[in-house]
Amino acid sequence: MGKQMIHLEPEQKTALQQRARERGSSMAAEIRNAVDQYLSAATTEELAALDELAKSAQRELQRMSRRLDDANAKLGRVLAPTSSQSSMGS
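Residue numbers (our numbering): 38 to 127.
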């Protein structure tokens, strides 16, 4: 593990010291954890790709919903004469 020098604002240093104390950790460990989280976050390109996938999925869901609505309407038209004949026979 190599050593690196970083510059923190006084408030950052104080907050980091407090967090490390609360967690029974060291400032170095907290900084390493923060760097790990930063590096594992999605990139701008990955977020854009996810956004496109979400938009595509939304369009497909809307198309499927319209098809289901059409199928339900057709089923209603087909069954309507049957239900009216049943009520006449009662």
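For every residue, glycine included, the Cβ atom is placed at its ideal position computed from N, Cα and C.
The alpha helix (DSSP H) spanning Thr51 covers which residue range? Pro47 to Arg60
Is DSSP giving Gln95 helix, strand or coil here? helix
Measuring alpha carbon to alpha carbon, tell me which of Ala71, Lys92, Leu112 and Ser102 ends up nearest Gln49. Ala71
Below 9 Å between beta carbons: does that hold for Ala52 and Ala66? no
With a CB to CB cut of under 8 Å and the five nearest residues on each side skipped, what residues in its chain are close to Ser63? Ala57
Can you tell me which of the three DSSP states Lys111 falls into? helix
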